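Numbering (the working numbering), first residue to last: 2 to 151.
For glycine and all other residues, C-beta sits at the position ideal for the given N, C-alpha and C.
From a predicted model like this one, the values you see are computed outputs, not experimental measurements.
Presented below is the structure to which this report refers.
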Amino acid sequence: MWATRLSLAAAILLGGFVVGCGERAQRGGGAGADGREAIRVPAEARDAVLLEMRTMLGSLHDLLTASVPGDAVAMQAAAKRSGLGAAADTALEHLLPEKFLQLGVATHQQFDDLAAALGAGLPRDSVVVRLSRITGNCVACHAAYRLEAR
Ligand code: HEC
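Structure follows, in structure tokens:
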């Protein structure tokens, strides 16, 4: 009885896995299959951009965490980490579409502006407004593009 149930469960899991892999392979195969523009770059360039992305997510997390006790110094440091200084190597610029670059630079600039404003005593409400603008950029770009290693 248990053995039957177990093998049934295994069959369902395996089935789901195989279907899942098929879907992934399909998406990877056709550029823009999910409606987003696929930017094809060498693997190292993709990894550099993705590292930059994880830095920004880390900044957002640290900003939110430090905003709980209202630690402006820690918030400022977290914002600064994703400023223009953290932008991926300029050597990658020619590989990326103009609009992508503009949105990317604007996002880093907003982190720098936020860091400067925090240094000048920006109130918490305004921090939330600015964070919402920043995350609006994250959402907009993710809806428009995906990266593919070529
Ligand atoms: C200019 C475009 C752009 C902006 C702005 C942008 N991203 Fe991304 N991000 C991308 C693309 C493209 C990918 C790869 C998505 C894919 O291939 O499916 C990505 C991937 C990621 C990943 C996955 C990283 C990994 O290692 O796989 C994270 C996390 C991420 N972004 C966070 C953010 C956050 C947080 C923001 C805003 C603060 C942000 N991104 C703003 C374009 C952008």
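- Per the C-alpha coordinates, the member of Gln110, Lys100 and Val74 positioned closest to Met57 is Gln110.
- Close CB contacts of Leu115 within its chain, under the 6 Å cut and outside five residues either way in sequence, are with Ala80 and Arg131 (chain order).
- DSSP lists Ile40 as the bridge partner or partners of Leu148.
- Within the same chain, Leu104 come within 6 Å of Cys142 by CB-CB distance, once the 5 residues on both sides are set aside.
- Pairing Glu94 with Leu51, the inter-Cα distance amounts to about 14 Å.
- Cβ-Cβ distances below 8 Å link Ala49 to Ala89, Asp90 and Leu93 in the same chain, with the five nearest sequence neighbours on each side left out; the list follows chain order.
- Within the same chain, Cβ atoms closer than 6 Å to the Cβ of Val42 are found at Leu96, the five residues on either side in sequence being excluded.
- It is roughly 13 Å from the alpha-carbon of Ala118 to the alpha-carbon of Leu64.
- Arg125 and Pro70 have their C-alpha atoms some 11 Å from each other.
- Assignment of Leu58 by DSSP, reduced to helix, strand and coil, places it in the helix class.
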